[in-house]
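**Student:** Got a structure for you, questions after.
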Amino acid sequence: MRTGWLVAFLPLLGFACSAESRTDAAVAPDGGAEAPAFGADASAAACEGLECAKPACADGATTAIEGEVYDPAGKATVYNVRVYVPNAEPDAFPEGVQSCDRCAAPLTGKPVAVTLTDERGHFRIEGVPAGERVPLVAQIGKFRRKIVVPRVEPCKTTKLADGALSLPRTRGEGDLPRIAVVTGGYDELGCVLRRIGLDDAEFGPPGSKASVHVYKGQGGGGVTGGTAKSASELWSDVDTLKQYDAVLLACEGDEAEADKTPAAKKALYDYVAAGGRVFATHYHYTWIKGSPEADVRGVASWNPPASAYGTEDDLVDTSFPKGAAMAAWLKENGASKTAGSIAIENPARNVAKVTPEVAQRWIYASDEQVRYFSFNVPVGAPAAQQCGRVAFTDIHSRERLGAFTLPGGCDPSDMTPQERALEFLLFDLSACVQPDADKPAPPPIK
12 MRTGWLVAFL PLLGFACSAE SRTDAAVAPD GGAEAPAFGA DASAAACEGL ECAKPACADG
72 ATTAIEGEVY DPAGKATVYN VRVYVPNAEP DAFPEGVQSC DRCAAPLTGK PVAVTLTDER
132 GHFRIEGVPA GERVPLVAQI GKFRRKIVVP RVEPCKTTKL ADGALSLPRT RGEGDLPRIA
192 VVTGGYDELG CVLRRIGLDD AEFGPPGSKA SVHVYKGQGG GGVTGGTAKS ASELWSDVDT
252 LKQYDAVLLA CEGDEAEADK TPAAKKALYD YVAAGGRVFA THYHYTWIKG SPEADVRGVA
312 SWNPPASAYG TEDDLVDTSF PKGAAMAAWL KENGASKTAG SIAIENPARN VAKVTPEVAQ
372 RWIYASDEQV RYFSFNVPVG APAAQQCGRV AFTDIHSRER LGAFTLPGGC DPSDMTPQER
432 ALEFLLFDLS ACVQPDADKP APPPIK
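According to our numbering, the sequence shown is numbered sequentially starting from 12.
Structure follows, in structure tokens:
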């Protein structure tokens, strides 16, 4: 996409208002030549650019923008999205894994105000500039979209129209992470990306310009309109893995150890340690259970392979901030009738428990067996040294046997409750790295 802000921003300076009121505003996408430039007030030596357009409000009033951030499909809100007003063009993202993305690091683009979305996907960002065509960015991991608020009134709250701000469906709408999906014969994990709204044009074979590259695992299908490479070509080489911000591993029906060699397991670990993200389902526990790193092997205790059939009501662990947010988010977005409970179809029973000092339980059964957990890498290292993240789930997106192509072969029906849970967890996997015990906080402003 074109990323310059090229149409002049017209600041309104020096307002003093006695009370706060509200005004509604539509938004315009960042459209290259239609996006604003950053003006500066030459008379205000202590400020720069949009900082000079922050009104001085009286009687406790403030200039604010309020709204919600939705997933690319525009159907569910998104938690823990960074929403900010940039004072310069945000830096382009590096390709693949080149560095760590820790939550304590400041954002690029010299934000003048920043906040996070809550469990309803709602945000209120205060202390913003007033005037015409104010830029606004929504970002979680490498999902990033820039829009323009046509007018922000001084010392009032400008409310975005419902559905006005969503994460991008295509690279033409914003930035997307580069994701590798390994298909398997027992899971529709890759289809979750389509159901959350990624456009079909963003799926392609390795080497294409698409954001999602499809690799063929045991029993899995290929990619619509192209030829998928074998999964072993992905995970046998750390440099290939590092081309991707995240790797999604759909269930293959068994451990399929023939192509998960010790060298491949070492490559996958090195990828995560460098800042990569891995989302593994069901039998892909073998990457954790059989890791060359003792610390990784110690994050959980395992049962013999087993599955349950039918539907059970599982529990969301609300003992930590993001777990409590997930419980509220699932209810808000129609995936739970009761906050903290979720109906799961055909869960596996591989994880007995996690080691709480180094791994976080998210969803579990009434008998305490774990359905979903995550951990940061290097395992047990101080937060300032952790760089990558692994998420494991014994929950399939939905039960489906046999090969099908991505994305054309995906079931077109709506998201199931457990797919909504996976959506929350996928965005969490994409987000910046921090200890799960910590409540997310806005990044510092330089």
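Every residue, glycine too, gets a C-beta built ideally from N, C-alpha and C. Remember, it's a predicted structure, so these values are computed and weren't measured experimentally.
Which of the three DSSP states, helix, strand or coil, is assigned to Gln-371?
**Tutor:** Here Gln-371 sits in strand by DSSP.
**Student:** Per DSSP, what are the beta-bridge partners of Phe-154 in this structure?
**Tutor:** According to DSSP, Phe-154 bridges with Ile-151.
**Student:** From which residue to which residue does the beta strand (DSSP E) around Gly-78 run?
**Tutor:** It spans 75-79 - the beta strand (DSSP E) in which Gly-78 sits, taken as one unbroken run.
**Student:** List the residues that DSSP assigns as beta-bridge partners of His-224.
**Tutor:** Ala-191 and Gly-215
**Student:** Using the Cβ count rule (16 or more neighbours within 10 Å means buried), how would you classify Glu-164?
**Tutor:** buried
**Student:** Can you give the Cα-Cα distance for Phe-290 and Cys-166, rounded to whole angstroms?
**Tutor:** 44 angstroms
**Student:** Which runs of the alpha helix (DSSP H) fall wholly inside the region 419-445 and span at least 4 residues, in chain order?
**Tutor:** 428-441
**Student:** Could you tell me which residues DSSP pairs with Thr-404 in its beta bridges?
**Tutor:** Thr-292 and Tyr-383
**Student:** State the DSSP-derived secondary structure class of Ala-53, mapped to helix, strand or coil.
**Tutor:** In this prediction, Ala-53 has a pLDDT of 37, which is less than 50 and means its spatial position is unreliable; what the coordinates show is noted afterwards. Correct three-state label for Ala-53: coil.
**Student:** Ordered along the chain, which non-local residues of its own chain (more than five positions away) have a Cβ less than 6 angstroms from that of Pro-453?
**Tutor:** Val-125, Thr-126 and Leu-127
**Student:** Does the pairing of the region 358-375 with the region 72-90 give three or more beta-carbon distances under 8 angstroms?
**Tutor:** no
**Student:** Buried or exposed: where does Gly-231 fall if 16 or more other Cβ atoms within 10 Å of its Cβ makes it buried?
**Tutor:** It counts as buried.
**Student:** How many whole angstroms separate the CB atoms of Ala-284 and Val-381, which I take to be in contact at a CB cut-off of 8 angstroms?
**Tutor:** At roughly 23 angstroms, the Cβ-Cβ gap does not stay under 8 angstroms, so Ala-284 and Val-381 are not in contact.
**Student:** Report yes if the CB atom of Thr-74 is closer than 8 angstroms to the CB atom of Ala-175, and no otherwise.
**Tutor:** no
**Student:** If you check the beta carbons only, do Arg-409 and Glu-268 fall under 8 angstroms apart?
**Tutor:** No, they are not a contact pair.
**Student:** What first and last residue would you give for the beta strand (DSSP E) that runs through Ala-354?
**Tutor:** 352-356
**Student:** Using the DSSP secondary-structure output, state which residues sit across from Pro-146 in a beta bridge.
**Tutor:** Under DSSP, Pro-146 takes part in a beta bridge, and its partners are Val-159.
**Student:** Quick check on Asp-325 - is its C-beta less than 8 angstroms from some C-beta in chain B?
**Tutor:** Checking the listed chains, one finds no chain B in this structure; it contains a single protein chain.
**Student:** Return the residue from the list Gly-301, Ser-347, Gly-351 and Val-160 that minimises the CA-CA distance to Ser-10.
**Tutor:** Here the chain covers residues 12 to 457 and nothing more, so residue 10 does not appear.
**Student:** Tell me, to the nearest whole angstrom, how far the beta carbon of Leu-245 is from that of Val-193; I am working on the premise that it is less than 8 angstroms.
**Tutor:** Their Cβ separation, rounded to whole angstroms, is 7 angstroms, which keeps Leu-245 and Val-193 in contact under 8 angstroms.
**Student:** Output the boundary residues of the alpha helix (DSSP H) element that contains Glu-343.
**Tutor:** 332-343
**Student:** What residue range is occupied by the uninterrupted alpha helix (DSSP H) comprising Thr-297?
**Tutor:** That run of the alpha helix (DSSP H) goes 297-300.
**Student:** Skipping 5 residues on each side, what residues in its chain have a beta carbon closer than 6 angstroms to that of Asp-325?
**Tutor:** Ile-353, Ile-355, Ile-374, Ala-376 and Arg-382
**Student:** Can you give me the Cβ contacts of Val-234 inside the same chain, cut-off strictly under 7 angstroms, excluding the 5 residues immediately before and after it?
**Tutor:** Phe-214, Gly-215, Pro-216, Val-225, Thr-416 and Leu-417, listed in sequence order.
**Student:** Does DSSP classify Ala-261 as helix, strand or coil?
**Tutor:** coil
**Student:** So, is Leu-437 buried or exposed, given that buried needs 16 or more other C-beta atoms within 10 angstroms?
**Tutor:** buried
**Student:** Taking the CB atoms as reference points, tell me whether Lys-65 and Ala-99 lie closer together than 8 angstroms.
**Tutor:** no
**Student:** Could you spell out where the alpha helix (DSSP H) holding Asp-324 opens and where it closes?
**Tutor:** Run containing Asp-324: none in the alpha helix (DSSP H); it sits in the beta strand (DSSP E), 322-327.
**Student:** Mapping DSSP to helix, strand and coil, what is Val-108?
**Tutor:** coil
**Student:** Apart from the five residues just before and just after Ala-455, which ones in its own chain have a Cβ nearer than 8 angstroms to its Cβ?
**Tutor:** According to the sequence shown, residue 455 is Pro rather than Ala. Hits under 8 angstroms: Ala-115 and Pro-117.
**Student:** Tell me whether Asp-210 is buried or exposed, calling it buried when 16 or more other Cβ atoms sit within 10 Å of its Cβ.
**Tutor:** buried
**Student:** Closest to Ala-395 by C-alpha separation, out of Ser-424, Pro-446 and Gln-429, would be which residue?
**Tutor:** Pro-446
**Student:** Would Gln-371 and Val-444 qualify as a contact pair, given that the criterion is a beta-carbon distance under 8 angstroms?
**Tutor:** Val-444 sits away from Gln-371, with the two beta carbons spaced by 8 angstroms or more.
**Student:** Whole angstroms are fine: how far does the CA of Arg-162 sit from the CA of Val-203?
**Tutor:** The straight-line gap separating the alpha-carbon atoms of Val-203 and Arg-162 is approximately 36 angstroms.
**Student:** Under a three-way DSSP split, which group does Thr-349 fall into?
**Tutor:** coil
**Student:** Look at Phe-9 and Tyr-296 and say whether their C-beta atoms are less than 8 angstroms apart.
**Tutor:** The chain is shown only over 12 to 457; residue 9 falls outside these bounds and no answer can be derived.
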